[in-house]
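S.K.:
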Amino acid sequence: MSAPSRILVVFYSRSETTAEFAGRLAAELDGDYERLQEVDFGRRAGPFGFLRSILDVVRKRPAHLRPMTHALANYDVVLVGTPVWAARASTPVATWLAQHGHEVRATAFFCTMGARGSEDTFAQMQQLAHRAPLATCAISARDMQRDVAVEKVARFVLAIKDALAAREREVVVR
54 MSAPSRILVV FYSRSETTAE FAGRLAAELD GDYERLQEVD FGRRAGPFGF LRSILDVVRK
114 RPAHLRPMTH ALANYDVVLV GTPVWAARAS TPVATWLAQH GHEVRATAFF CTMGARGSED
174 TFAQMQQLAH RAPLATCAIS ARDMQRDVAV EKVARFVLAI KDALAARERE VVVR
């Protein structure tokens, strides 16, 4: 019997909504998590930080990220989470995927959003990561108000566990 899959949840959160889901996912999957942090920590704070964030994502300006504390080589799957900004992944997540997507063995994506934009965001993330995700999960503000978020997260966790179990069975058969 092989060792359990090692899971890392990597995320960026400006308003703590994405951070809440990242923590929940890490707990449910018995994984580690790491928040992406920019060198200029206060760059995105407040109303001007919000506007700066939208301009950065539209103009495709890269973020200046602090080094990670977790080594990607130690993980079988990395869940990547982002808020949706103008139907795109947040600048810190897009920058991280562009720099590290090729180092990840397998991935899954999740996002939080006001109302829509997840399809474009996931397509962008897949392109930056150079691989299709095992699963995706989009949580809207409306989902959170109606408690649909709990059900969506449960389905996402199950999809990841099923995909990892299938991979393990494939390895055993070989």
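Under our numbering, the first residue of the sequence shown is numbered 54, with each subsequent residue one higher. We treat Cβ as the ideally placed atom computed from N, Cα and C, and that holds for glycine.
Could you please give the first and the last residue of the uninterrupted alpha helix (DSSP H) stretch that includes THR71?
M.R.: Per DSSP, THR71 belongs to the alpha helix (DSSP H) from 70-81.
S.K.: Which whole runs of the beta strand (DSSP E) in the stretch 105-149 are 3 residues long or more, in chain order?
M.R.: Within the stretch 105-149, the complete beta strand (DSSP E) runs of at least 3 residues are 130-138.
S.K.: Does ALA185 pass the burial test, meaning 16 or more other C-beta atoms within 10 Å, or should it be called exposed?
M.R.: The residue is exposed, with fewer than 16 neighbouring Cβ atoms inside 10 Å.
S.K.: With distances taken Cα to Cα, identify the nearest neighbour of ARG77 among ALA212, ALA202 and LEU217.
M.R.: It is ALA202 whose Cα lies nearest to the Cα of ARG77.
S.K.: Do you know how far the Cα of ILE192 is from the Cα of MET166?
M.R.: Cα-Cα distance, rounded: 6 angstroms.
S.K.: For ALA188, which of helix, strand or coil comes out of DSSP?
M.R.: Reduced to three states, the DSSP call for ALA188 is coil.
S.K.: Drop a sphere of 10 angstroms on the beta-carbon of LEU108, count the other beta-carbons inside from all chains shown, and report buried for 16 or more, exposed for fewer.
M.R.: Counting Cβ neighbours within 10 Å, LEU108 comes out exposed, since fewer than 16 surround it.
S.K.: How about ALA75 and GLY154: are their beta carbons less than 7 angstroms apart?
M.R.: No, these two residues do not count as a Cβ contact at 7 angstroms.
S.K.: Answer yes or no: do PHE162 and THR144 have a C-beta to C-beta separation smaller than 7 angstroms?
M.R.: Going by C-beta atoms, PHE162 is not nearer than 7 angstroms to THR144.
S.K.: Identify whether SER66 lies in helix, strand or coil by the three-state DSSP scheme.
M.R.: SER66 falls in the coil class under three-state DSSP.
S.K.: Between the Cα of GLN177 and the Cα atoms of GLU156, VAL157, ARG169 and LEU150, which residue gives the shortest distance?
M.R.: That would be LEU150, whose Cα lies nearest to the Cα of GLN177.
S.K.: Thinking C-alpha only, which one of THR122, SER68 and ALA116 is nearest LEU10?
M.R.: Because the chain is modelled from 54 through 227, residue 10 falls outside the range shown and cannot be assessed.
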